[in-house]
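Note that the sequence shown covers residues 1162 to 1343 in the working numbering.
We treat Cβ as the ideally placed atom computed from N, Cα and C, and that holds for glycine.
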Amino acid sequence: MDERTPVTALRFGIILILLGGLFLLARAAPNLFGWLGVSSWPLIIVGVGILLLLIGAATGAAGMAVPAAIVGGMGMLLYWQNATGAWQSWAYAWTLIPGFVGVGTLIAGLLEGKGQTVRGGLWLIIISLILFAVFSAIMAPFVGGPIFLGRYWPVLLIVLGVLLLGRALVQPPVSDSGSHEQ
């Protein structure tokens, strides 16, 4: 067993007690959290993402940043859709999910001090944003959503291609064993 197990169990125990107390309080006094309003229900999902991030930080599990970012990002997306009524944007908004993974990967890399993980997270974010713009330009006219970049969205494909080519030319080649050749 790991030496940190009692500390980790203690942290998890405290977090679960606080979370249970919060839910019990919400049950006992339903109007206590009425300021959130019915239309703000996605903020609960954002809160769960923040809670996951805090659990990861408290237990020293930097990898928890990935599910935390996915849940929090989905909550923010749902909040925007709920506020605007643009539910049809799901036709292309799903392309943001890899970007949420990228945000979590970037945070985990920063917490662990791993530069390569940070770069991987940045690439996921960039690719996700480009895919979002391309798919929204293609799908939005069919579902009645906002159109990003109008008829110039193919420029994003060119930019992504240039970025990938530049990355391939700058990185050292990888041997069959998986290590970089010198």
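- Within the same chain, no Cβ atom closer than 7 Å to the Cβ of residue 1299 is found once the five residues on either side in sequence are excluded.
- Counting C-beta atoms within 10 angstroms of its own C-beta, residue 1323 has fewer than 16 neighbours from the protein chains shown and is therefore classed as exposed.
- Here residue 1184 is exposed, its C-beta having fewer than 16 other C-beta atoms within 10 Å.
- Residue 1291 and residue 1317 do touch by the CB rule: their CB atoms are close to 5 Å apart, below 8 Å.
- Minimum Cα-Cα distance from residue 1178 among the listed residues 1201, 1287 and 1216 corresponds to 1216.
- The beta carbon of residue 1276 sits closer than 8 Å to the beta carbons of 1270 from its chain, once the five residues preceding and following it are set aside; these are given in chain order.
- Sequence-distant Cβ neighbours of residue 1237 in its own chain, meaning closer than 7 Å and more than five residues away, are 1207.
- For residue 1297 and residue 1287, the gap between their C-alpha atoms comes out near 15 Å.
- Of the candidates 1201, 1251 and 1262, 1262 places its Cα closest to the Cα of residue 1225.
- One thing to note: residue 1282 has its Cβ within 9 Å of the Cβ of residue 1265.
- Taking a contact as a CB-CB distance under 8 Å, the pair residue 1213 and residue 1229 counts as one, their CB atoms being some 4 Å apart.
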